[in-house]
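Residue numbers (our numbering): 3 to 115.
Ideal Cβ positions, reconstructed from N, Cα and C, are used throughout, including at glycine.
Report on the structure given below.
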């Protein structure tokens, strides 16, 4: 039973890794909503994968001091909070920052899985 729980947990965490691409269908609407250029909106898709790189390095350092479970929970919380925060925010710059933090969380998650 424990092995099934571990496999289910890994699959659930892996779904978070693909969450960055969920934004692609709404890019045109985001351009109109925020009144920014196409290249600025494309940053919303580009920033998380770029932030995964430093997030992975930072995550590997954090894993020296904390358990995989603790880092996985922290990463999931960071991704969840920063992934849903843009729904309540009208500032495009803050949305970019939250997308960067989602990428950092994904980097942490890469270290755990």
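Put residue 87 into one of helix, strand or coil per three-state DSSP.
helix
Would you give the residue range spanned by the alpha helix (DSSP H) that residue 102 belongs to?
94-114
Can you have a look at residue 63 and say buried or exposed, based on whether 16 or more other CB atoms are within 10 angstroms of its CB?
exposed
Short Cβ contact (8 Å threshold) for residue 91 with residue 83
no
Chain-order list of residues whose beta-carbon lies under 6 Å from that of residue 100 (same chain, five-residue window excluded):
Excluding residues within five positions, the ones whose Cβ falls inside 6 Å are 84, 87, 88.
Residue 8: buried (16+ other C-beta within 10 angstroms of its C-beta) or exposed?
exposed
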